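Down below is the structure, laid out as structure tokens.
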Amino acid sequence: MLVVDKGKSVGGRLASRSFESAIFDYGAQFMTAREPTFLEQVNTWIAEGTAELWFRGHPGRSENHKRWRGIPNMRELANSLVGSLNINTARQVLKIAVQQDQWKVEFKDGSLMHANNVLLTPPVPQSIEIIDRGDTKLSQNQRRRLQKLTYDPCIAVMAVLEEPSKIPSPGMLVPDHDDIDWISDNMKKGVSKLPSVTIHASSDFSETHFNADRNEVGTKIINLSKSWLGAPVKHFAIHRWRYSKPRCVDAERFMLIQHNPTLMIAGDAFAGPRVEGAFLSGSTAAEALMAHIENY
Numbered sequence: 366m367l368v369v370d371k372g373k374s375v376g377g378r379l380a381s382r383s384f385e386s387a388i389f390d391y392g393a394q395f396m397t398a399r400e401p402t403f404l405e406q407v408n409t410w411i412a413e414g415t416a417e418l419w420f421r422g423h424p425g426r427s428e429n430h431k432r433w434r435g436i437p438n439m440r441e442l443a444n445s446l447v448g449s450l451n452i453n454t455a456r457q458v459l460k461i462a463v464q465q466d467q468w469k470v471e472f473k474d475g476s477l478m479h480a481n482n483v484l485l486t487p488p489v490p491q492s493i494e495i496i497d498r499g500d501t502k503l504s505q506n507q508r509r510r511l512q513k514l515t516y517d518p519c520i521a522v523m524a525v526l527e528e529p530s531k532i533p534s535p536g537m538l539v540p541d542h543d544d545i546d547w548i549s550d551n552m553k554k555g556v557s558k559l560p561s562v563t564i565h566a567s568s569d570f571s572e573t574h575f576n577a578d579r580n581e582v583g584t585k586i587i588n589l590s591k592s593w594l595g596a597p598v599k600h601f602a603i604h605r606w607r608y609s610k611p612r613c614v615d616a617e618r619f620m621l622i623q624h625n626p627t628l629m630i631a632g633d634a635f636a637g638p639r640v641e642g643a644f645l646s647g648s649t650a651a652e653a654l655m656a657h658i659e660n661y
């Protein structure tokens, strides 16, 4: 079995990075668990020391779900699942096509491979592009279902501060503001040793400014957030998440496109717009695929 990821490391939106010696979670900020299967995985991470409870609920809101964070950061949750898997990173799939009862997989660098079974887990619009480039046929119902699965964008700002922020413990804030959805203090969260914050712009703001100059849009987001930060910004970087979270979710946990050779599509647009949804969709699709292989 081979896992191919176009990113430099596994994890997708379980994303963490270093910038100016500070560490940032700049994608998913936490995880919740509503289903027993995922809660079991969360408890495994906790036992391994890969996760811990961060906070419960949001101030001023009635719900009280537990929020867990990854240790030392969110990307470590994905790293812990790698095990002995054969993984190729920084390798992008361009298209797939059936050739002599197998999938011919073509990569952006021009290299090729063949596979009996393929499970696609990019954001759905990217999976559609991969399928269409190879002239693989989708039924009308399949294409209609997939095209309904659109996503909100998000511009994330990673800012290094001159001094600790005034964001209260445990280091998170959901501002009452149309343009800013989330601010987290990576030092108070336990991710970074240096004062630093992650700011997520709202989906509407991100949609409007998605292709704007990086410095201009980053400065604008920081200026909108100044009153909550309470500390000057020394340096900042931005990351544009074009497919941050699905606007709607398919009724099934994955989609079977065809058998023999088998093609499936999975991801958080099938089981829920959270870490839990991505996990449940991927694991359910993998179980179905392994069962098919055993019976074939």
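Using my numbering, you'd call the opening residue of the sequence shown number 366 and step up by one each time.
Backbone N, C-alpha and C fix where the C-beta goes; we use that ideal spot for every residue, glycine too.
Predicted, not measured: the structure shown is a model, and the values here were computed from it.
Annotation for Met620: the continuous beta strand (DSSP E) segment containing it runs Phe619 to Gln623. For Asn588, the secondary structure class from DSSP, reduced to helix, strand or coil, is helix.
Contact between the region 631 to 640 and the region 483 to 496 is present, with at least three C-beta pairs closer than 8 Å.
In the DSSP assignment, Arg510 falls outside any beta strand (DSSP E) and lies within the alpha helix (DSSP H) extending over Gln505 to Gln512. Between Arg399 and Glu641, the beta carbon gap of about 7 Å places them in contact (Cβ cut-off 8 Å).
The beta carbon of Leu621 sits closer than 7 Å to those of Met629, all from its chain and outside the five residues before and after it, given in chain order. Take Lys371, set aside five residues on each side of it, and the residues of its chain with a beta-carbon closer than 6 Å to its own are Gln457, in chain order. Within the model, the alpha-carbon separation for Leu442 versus Thr409 is close to 11 Å.
A distance below 7 Å between beta-carbons, with the five flanking residues on each side excluded, links Thr415 to the following residues of its chain, in chain order: Gly435, Ile436, Glu441, Leu442 and Ser445. Contact between Thr402 and His430 does not hold, since the beta-carbon distance rounds to 17 Å and is not under 8 Å. Counting along the chain, Asn453 sits inside the beta strand (DSSP E) bounded by residues Asn451 to Asn453. The three-state secondary structure of Ile436, taken from DSSP, is coil.
No Cβ-Cβ contact shorter than 9 Å links His600 with Lys585.
A contact between stretches requires three or more CB pairs, one per stretch, nearer than 8 Å, and the region 469 to 483 fails this requirement with the region 380 to 391.
Under the DSSP assignment, Lys610 falls in the beta strand (DSSP E) whose first and last residues are Val598 to Pro611. For Ile461 against Ile493, the beta-carbon gap comes to about 12 Å, at or over 8 Å, which does not count as contact. For Asn588, the closest C-alpha among the options Ile564, Asp578, Asn576 and Ala643 is that of Ile564. The alpha-carbon separation between Asn453 and Ile548 amounts to approximately 33 Å.
For Ala524, there is no enclosing alpha helix (DSSP H); the residue is found in the beta strand (DSSP E) stretching over Tyr516 to Leu526.
Rounded to whole angstroms, the gap between the alpha carbons of Glu417 and Ala636 is 23 Å.
Exclusion of the five residues before and after Arg378 leaves Gly392 and Ala393 as the residues of its chain whose Cβ lies within less than 6 Å of its Cβ. The beta-carbon separation of Cys519 and Trp606, rounded to 4 Å, stays under the 8 Å limit for a contact. Nearest C-alpha to His624 among Thr501, Gly448 and Met366: Thr501. According to the DSSP assignment, Val483 belongs to the beta strand (DSSP E) that extends over Asn482 to Leu485. With 16 or more neighbouring CB atoms inside 10 Å of its own CB, Pro611 falls in the buried class. Nearest to Ala521 by alpha-carbon distance, out of Asp541, Ile603 and Ala653, is Ile603.
In the structure shown, Thr563 adopts extended strand secondary structure according to DSSP, grouped into three states. The alpha-carbon separation between Met537 and Asp466 amounts to approximately 51 Å. DSSP places Ser534 outside both helix and strand once states are collapsed to three, so it counts as coil.
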